[in-house]
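Asker: Chains as they are written, first to last, in the working numbering: chain B, 1 to 463; chain G, 464 to 926.
(1) At which residue ranges does the stretch 704-784 of chain G contain complete beta strand (DSSP E) runs of 3 or more residues, listed in the order of the chain?
(2) Out of curiosity, what's the CA-to-CA distance linking residue 302 of chain B and residue 137 of chain B?
(3) Under 8 Å Cβ-Cβ, which residues of chain B neighbour residue 550 of chain G?
(4) Listing by chain order, which chain B residues have their CB less than 8 Å from the CB of residue 512 of chain G?
(5) At what residue ranges does the stretch 323-395 of chain B contain a whole run of the alpha helix (DSSP H), taking only runs of 4 or more?
(6) List the residues of chain B whose Cβ lies closer than 7 Å to the Cβ of residue 778 of chain G, in chain order.
(7) Are at least three pairs of beta-carbons, each pair with one atom in the stretch 188-201 of chain B and one in the stretch 131-145 of chain B, less than 8 Å apart?
(8) Taking any Cβ of chain G, which residues in the stretch 252-270 of chain B have a Cβ under 8 Å from it, in chain order?
(9) Check each residue of the stretch 96-122 of chain B: if its Cβ is closer than 9 Å to any Cβ of chain D, include it; give the result in chain order.
(10) Let me make sure I understand the geometry here. Which of G/858, G/567, G/674 and G/698 has the alpha-carbon closest to that of residue 660 of chain G?
(11) Closer than 9 Å, CB to CB, is residue 647 of chain G near chain B or not?
(12) Leaving out five residues on either side along the sequence, give the residues of the same chain with a beta carbon under 7 Å from the beta carbon of residue 497 of chain G.
(13) Could you check whether the Cβ of residue 851 of chain G sits closer than 9 Å to any Cβ belonging to chain B?
(14) Which residue wins for smallest C-alpha separation from residue 153 of chain B, given the options B/108, B/67, B/167 and B/244?
(15) Could you pull out every unbroken alpha helix (DSSP H) segment of at least 4 residues lying fully inside the stretch 62-141 of chain B, listed in chain order?
(16) Can you find the residues in the same chain that come closer than 7 Å, C-beta to C-beta, to residue 119 of chain B, ignoring five residues on each side of it along the sequence?
(17) For a test of your reading of the model: does the CB of residue 236 of chain B fall under 8 Å from any non-hydrogen atom of the ligand MG? Yes or no.
(18) Let me confirm a value: residue 779 of chain G is counted as buried when at least 16 other C-beta atoms fall within 10 Å, else exposed. Which label applies?
(19) Starting from residue 413 of chain B, trace the beta strand (DSSP E) in both directions and tell me its first and last residue.
(20) How is residue 625 of chain G classed by DSSP in three states: helix, strand or coil?
(21) Pull up the distance between the alpha-carbon of residue 571 of chain G and that of residue 128 of chain B, whole angstroms please.
(22) Any idea what DSSP makes of residue 176 of chain B, helix, strand or coil?
(23) On the DSSP bridge list, what partners appear for residue 185 of chain B?
(24) Counting only Cβ pairs nearer than 9 Å, list the residues of chain G close to residue 164 of chain B.
(25) Please say whether residue 567 of chain G and residue 559 of chain G have beta carbons closer to each other than 9 Å?
(26) Between the stretch 67-85 of chain B and the stretch 390-400 of chain B, can you find at least three pairs of beta-carbon atoms closer than 8 Å?
(27) Is the CB-CB distance between residue 710 of chain G and residue 677 of chain G below 9 Å?
(28) Looking only at C-alpha atoms, which of B/242, B/241 and B/217 sits nearest to residue 230 of chain B?
(29) Run through DSSP, which three-state label would residue 40 of chain B get?
(30) Under 9 Å, Cβ to Cβ, is there at least one residue of chain B near residue 651 of chain G?
(31) Using the DSSP secondary-structure output, state which residues sit across from residue 214 of chain B in a beta bridge.
(32) Less than 9 Å between CB atoms is the rule here; does residue 493 of chain G satisfy it with respect to chain B?
(33) Could you work out which residue in B/206, B/410, B/421 and B/131 is closest to residue 265 of chain B when comparing CA atoms only?
(34) Is it buried or exposed for residue 450 of chain B, if we count other Cβ within 10 angstroms and need 16 for buried?
(35) Spatial neighbours of residue 443 of chain B within its chain, please: C-beta separation below 8 Å, excluding the five flanking residues on both sides.
(36) Could you say which of G/548, G/609, G/700 and G/550 lies nearest to residue 737 of chain G if we only look at CA atoms?
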């Protein structure tokens, strides 16, 4: 039903532009940068400076290939949703539309649905947090909260501290705002206070105060380690002394295999900025996460959220709110945890059974991930295409560092595949590793690893 | 179930910080900027420079007061969802969860659900656009697309062209990335090509090339005007000549009262960046919008989207996709339009019946808004509290300008209240205006308007 007075003959310029578009990016670039008919499309140098830091994550590039059914993907972080009570959820969401549809389908506030913000405070209480619903900002996954906090705090070249390795999505947001990431190493008990102290001190000597420490204390992504409870006040004390904010990202906290929750950093100090999510404890496809922030930060965060999306989807927020009200979400989280524990055990057994000497890995007591260090001479990024050819996928370690480290590490996810698939995947990975080691041995270029084989937690910074 | 080895006694610092938090923002600021116990919370000067431009929009400040039931709100832009077939939608969404729940509740791609991207191309065809699903990026409302396009194109102090007045949400994103907005005036036929030419020429003389022109060609928010079809190729030609990209924002395009769709700017040139949304044609609370962009822009936009939210909610995308597949969405859009036309007519009749001399307004042929110019001497922002006291709310004009203009304008929305409420609201507004004019007349400070009273389209830049 296009208007009749629309030009019947596309003009020459339109044809040219259409041809350029059809011809694809390179030709367009040419058309835009060189002569020829003027085009609306800008030459690439007209992109904002910040786009220089935006590069496709290795993980993302990986998802395409790894999603073939014959490939066992130990790469993704997808929760196992088969454990959800879909039929009762179907009835719940139908009732939401039928009885409350005009509210659920309408715009809402930029800060989020008030009732959900109260329920979020109940969820956080599980980890010792006393929060005020007025200080909760609901976001489109906690990724959005992290991105917006970076937006309101980070100027180009500001320093951000993060564990080494760190969450790839966080590194993406830090890069998008041109932050300089300084990694602090972990050991089997998580972030090492002495190393944090060293980093803070050496930055202070350069006259640099980091904008914040970004940390995942529980069941770390990708390292699998958990911050020892006695280290938690020590880390906060160091950050206070050096005037560095703390952003605590805790999507896995309730998915511990001991059934015990660790006290959140936020439970020790109300100035800690806390990020939570329903992606792992309920459903990732609803994209409901949140930030609990001090009032001083809240107002700016809400303004940033408003310009980012106007408001988070009312519908998915009300779905989560009804789920929390009408379902036994605590026992659902327990079901998820038992489910993941079983898969972790299958992975650990397979690693011990199949992996060659010189490999070492940690034993996570919650979450989704095992962090594996391979023998010297093996490059996990270079090995990845051969692994996918052998029908197993993983996330290579360099994607989790801003500084190119991690070539001897890789992340294995046990959250999504069945125990049988996990076992088969690790068997395939072991064969690929053996082949790589044959090459290393043949050309004798690399020294063998000093690490004894077997389950232990290497420092992710093991070289 | 907090861990037992959590410190039983909160330490002094925690108490101090808690007290500071309880004491509120000012005290926190003090604690953070002056001596006293070190706190994690930063002094405000540690916020990013870009936060200086983030201020609460007048519209947002307004929603709180205007949401009282006794107040007739002519301020908001909420679609009238009562017209939706809620019972069949309830069955649809229940089936989505019951039969496809593990996909609908799971993470998806950052670019959006493939089937929905194909259906979006069908929707755009209604306005003469031939798009490729591979060039569609689904976002959390088109607000997110606009925010991310600003992120990838705008460096601080870059110039962005926008109509005067312009959409308040766009001005918010431009401010968040420190763009300089240059307004170009409209008349009753929308953006004026000669004035755009003048603006481009004077910027060129300063050696400035704007990054893009942001324009809402159809049923403009807030001005209600529609860009004349013969002006469309003229505007594109000017932008090509000066090397300025065009971002076309078209949330209302299918909501015309003539039943006729206008050809999108994108239908003349595939390099135009097009923004669309289901917020007005289906349901705003699902927050499903999109951008159609050239491949050169697409890859960066997808990377930016990934760092912003990882992916848009799979669930709401699949809801929209099923709605488009299984419901007669075209006749639903027609129902919405007839509904809004009836409300527009009620508003126009009330304006003619009640408004005092010296007021003038436009006659929108689609969309949600009437733009009203009041007599000289009346300040619409200053009048707003008195209007709300008189139980009617509107959006004052200055919120729609980056340069403080608009004190004699205001936006009236006819989308949400019933025709009866609209009539009553305009009656109340007229009484408030009469009272303001009494003051003006008594103190005789301001000259009377030169404009004849009645329906006509004043240039929003009428002084």
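Quick reminder that beta carbons are idealized off the backbone N, C-alpha and C, glycines included. Please read all numbers here as calculations on a predicted model, not as lab measurements.
Answerer: According to the structure shown:
(1) 708-712, 736-740 and 751-755
(2) Working through the first chain from its first residue, we reach residue 302 of chain B at position 302. Working through the first chain from its first residue, we reach residue 137 of chain B at position 137. C-alpha separation (whole angstroms): 7 Å.
(3) Taking the second chain and counting its residues from 1, one reaches residue 550 of chain G at position 87. Going along chain B in sequence order, the residues near residue 550 of chain G (Cβ under 8 Å) are 98.
(4) For this step, residue 512 of chain G is matched to residue 49 along the second chain. Those within 8 Å of residue 512 of chain G in chain B are 155.
(5) 329-354 and 380-389
(6) In the second chain, counting from the first residue as 1, residue 778 of chain G sits at position 315. Simply 285, 286 and 316.
(7) no
(8) 259, 260, 261, 262, 263, 267, 268, 269 and 270
(9) The question asks about chain D, but that chain is absent: this structure's protein chains are B and G.
(10) Reading the second chain from its first residue, position 197 is the one you call residue 660 of chain G. Of the candidates G/858, G/567, G/674 and G/698, the one whose C-alpha sits nearest the C-alpha of residue 660 of chain G is G/698.
(11) Translated into positions along the second chain, residue 647 of chain G becomes position 184. No, residue 647 of chain G does not count as interfacial toward chain B.
(12) Reading the second chain from its first residue, position 34 is the one you call residue 497 of chain G. Caution applies to residue 497 of chain G, whose pLDDT of 45 falls short of 50 and renders its modelled position unreliable; the value that the coordinates give is listed next. Contacts found: none.
(13) Along the second chain, read from residue 1 onward, the residue named residue 851 of chain G stands at position 388. It does not; no Cβ of chain B falls within 9 Å.
(14) In the first chain, the residue the question calls residue 153 of chain B occupies position 153. Considering only alpha carbons, the answer is B/244.
(15) 86-104 and 114-125
(16) Working through the first chain from its first residue, we reach residue 119 of chain B at position 119. Result list for residue 119 of chain B: 321 and 324, in chain order.
(17) Of ligands this structure carries none, so the ligand MG is not represented either.
(18) The residue you call residue 779 of chain G lines up with position 316 of the second chain. By the 10 Å Cβ count, residue 779 of chain G comes out buried.
(19) The residue you call residue 413 of chain B lines up with position 413 of the first chain. 409-413 is the span of the beta strand (DSSP E), which, as asked, contains residue 413 of chain B.
(20) In the second chain, the residue the question calls residue 625 of chain G occupies position 162. Strand at residue 625 of chain G.
(21) In the second chain, counting from the first residue as 1, residue 571 of chain G sits at position 108. In the first chain, counting from the first residue as 1, residue 128 of chain B sits at position 128. Distance between the alpha carbons of residue 571 of chain G and residue 128 of chain B is about 32 Å.
(22) To locate residue 176 of chain B, count along the first chain from 1; it is residue 176. Correct three-state label for residue 176 of chain B: helix.
(23) As a first step, residue 185 of chain B is located in the first chain; it is residue number 185 there, counting from the start. Answer is B/164.
(24) The residue given as residue 164 of chain B occupies position 164 in the first chain. None at all; the shortest Cβ gap to chain G is about 20 Å.
(25) Residue mapping note: residue 559 of chain G aligns to position 96 of the second chain, counting from 1. Residue mapping note: residue 567 of chain G aligns to position 104 of the second chain, counting from 1. The answer is yes: Cβ separation under 9 Å.
(26) yes
(27) Taking the first residue of the second chain as 1, we reach residue 710 of chain G at position 247. Taking the first residue of the second chain as 1, we reach residue 677 of chain G at position 214. It is a contact, given that the beta carbons lie within the stated cut-off.
(28) Numbered from 1 along the first chain, position 230 holds the residue referred to as residue 230 of chain B. Selected option, being the one with the closest Cα: B/217.
(29) Here residue 40 of chain B refers to the residue found at position 40 of the first chain. Looking at residue 40 of chain B - three-state DSSP - the assignment turns out to be coil, as it is neither helix nor strand.
(30) Here residue 651 of chain G corresponds to residue number 188 of the second chain, with the count starting at 1. No, residue 651 of chain G lies away from the interface with chain B (no Cβ there is under 9 Å from its Cβ).
(31) To locate residue 214 of chain B, count along the first chain from 1; it is residue 214. Answer is B/162 and B/247.
(32) The sequence position of residue 493 of chain G within the second chain is 30, counting from 1. At residue 493 of chain G the pLDDT is 40, less than 50, meaning the model places this residue with poor confidence; the figure from the coordinates comes in the next sentence. For residue 493 of chain G, the answer is no, since every Cβ of chain B falls outside 9 Å of its Cβ.
(33) Within the first chain, residue 265 of chain B is the residue found at index 265, counting from 1. Of B/206, B/410, B/421 and B/131, the residue nearest in Cα terms is B/131.
(34) Counting from 1 along the first chain, the entry for residue 450 of chain B is found at position 450. Bear in mind that the predicted position of residue 450 of chain B carries a pLDDT of just 48, short of 50, making it too unreliable to give a figure here.
(35) Here residue 443 of chain B corresponds to residue number 443 of the first chain, with the count starting at 1. Closer than 8 Å at the Cβ level, and outside the excluded window around residue 443 of chain B, lies no residue.
(36) Counting from one through the second chain, the residue named residue 737 of chain G turns up at place 274. Minimum Cα distance to residue 737 of chain G is reached at G/609.
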